[in-house]
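First up is the structure itself, then whatever we jot down about it.
In my numbering, the protein residues as written are 6 to 108.
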């Protein structure tokens with residue numbers, strides 16, 4: 006799993022699943038650039054499980070278009086997973102489920 010890089014640390018605490026999207030669109034948090042679900046460069050991969058939002062930015066579990074980034078502090082705060090792993094998690098998670106993020 007990848008976590009947030011310096012300056013974009015993944016928040017810790019207790020949250021709940023707020024949003025589940027298959028084939029999500031990614032919006033860059035700094036530039037508002039949009040990358041469509043069908044774009045192979047979409048950094049979210051094929052699944053999104055959101056558990057935090059400030060109304061503009063969101064944080065959640067998602068897949069990746071760059072599997073080499075998994076295992077390091079490389080995200081903008083999200084928990085980035087290998088695509089087969091997020092697909093399996095997506096199948097068993099439901100909105101409202103509790104999410105506990107610890108360091």
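Each residue gets a CB set at the ideal place from its N, CA and C atoms; glycine is no exception.
Beta strand (DSSP E) containing residue 66: first to last residue?
Taking the first residue of the chain shown as 1, we reach residue 66 at position 61. Its beta strand (DSSP E) spans residues 63-67.
Does the stretch 54-62 touch the stretch 71-80, meaning 3 or more C-beta pairs lie closer than 8 Å?
Contact between the stretch 71-80 and the stretch 54-62 is absent: fewer than three C-beta pairs spanning the two stretches fall below 8 Å.
Whole alpha helix (DSSP H) elements within the stretch 45-98, 4-residue minimum:
88-97
Quick one: using the 10 Å Cβ neighbour count with 16 as the cut-off for buried, is residue 46 buried or exposed?
Taking the chain shown and counting its residues from 1, one reaches residue 46 at position 41. Result: exposed.
With distance defined between alpha-carbon atoms, name the residue in 34, 88, 84 nearest to residue 65.
On the chain shown, position 60 is the one that residue 65 refers to. Cα-wise, what sits closest to residue 65 is 84.
Determine the burial state of residue 19: buried for a count of at least 16 other Cβ atoms within 10 Å of its Cβ, exposed for fewer.
The residue labelled residue 19 in the question sits at position 14 within the chain shown. Under this definition residue 19 is an exposed residue.
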